[in-house]
Amino acid sequence: MANSELLSGKLLREYQTIAAMVEIYCKAHKHNAKPVSDCQDFLVYAHTKLDRCPYGQDKPTCNKCPVHCYKPHMKEKARDIMMFAGPKMLLPHPIMAIRHLLSGRGPFPGKPPANQSNRHLRKNAEAQ
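The sequence shown stops at residue 128 when you use the UniProt record's numbering, and every number in between is there.
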């Protein structure tokens, strides 16, 4: 699995939410006996996209985001996972599920500010 220590704040919560959804999806599809590389690959991909999000910590939920950063097949995989696992999140992760629902109610974001992704901020910290 991807190294989630690189993310912080709202981006880390987003990653934890998608990781919980993938876990629910995989268990329901009998992937729990042997980790399916498809699910692991998706988590690594999602982590990378969150880390490189141009909105940084001001990231909106994906369905409200004007920037479409996922490749079409990964976007479809994310949609399948979220449609399946989203309603099932209330029992094992009620606070996470409610927080995710409420975060989607914010205002529609404008253009992302320049150089605000975690990757850019981390590079600046390493250079100092």
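Where is the CB? At the ideal position from N, CA and C, for every residue including glycine.
Assign histidine 29 to buried or exposed, taking buried as 16 or more other Cβ atoms, counted over all protein chains shown, within 10 Å of its Cβ.
Exposed is the call here.
Looking at C-alpha atoms only, which residue of Lys10, Leu7, Gln16 and Ala20 is the closest neighbour of proline 87?
Considering only alpha carbons, the answer is Ala20.
Kindly list the residues whose CB is nearer than 6 Å to the CB of histidine 68, restricted to its own chain and excluding five residues on each side of it in sequence; keep chain order.
None.
Please identify the residue among Leu101, Arg105, Gly106 and Leu12 whose C-alpha is closest to the C-alpha of glycine 56.
Considering only alpha carbons, the answer is Leu12.
Excluding the 5 residues preceding and the 5 following histidine 100 in the sequence, name in chain order all residues of the same chain whose CB lies nearer than 7 Å to its CB.
Only Thr17 meet the Cβ criterion.
Let me check understanding here. Comparing Cα to Cα, which of Met89, Phe42, Phe84 and Lys64 lies closest to serine 103?
Per the Cα distances, Lys64.
Going along the chain, which unbroken runs of the alpha helix (DSSP H) with 4 or more residues stay wholly within the region 36-122?
Fully enclosed alpha helix (DSSP H) runs of 4 or longer: 37-51, 72-85 and 94-103.
Quick one, which of Met96, Asp58 and Leu7 has its alpha-carbon nearest glycine 106's?
Nearest option by C-alpha distance: Asp58.
In this structure, does DSSP put leucine 7 in helix, strand or coil?
Looking at leucine 7 - three-state DSSP - the assignment turns out to be coil, as it is neither helix nor strand.
How is lysine 27 classed by DSSP in three states: helix, strand or coil?
Here lysine 27 sits in helix by DSSP.
Could you pull out every residue in the same chain whose Cβ sits closer than 6 Å to the Cβ of tyrosine 45, ignoring the five residues on either side in sequence?
Met74.
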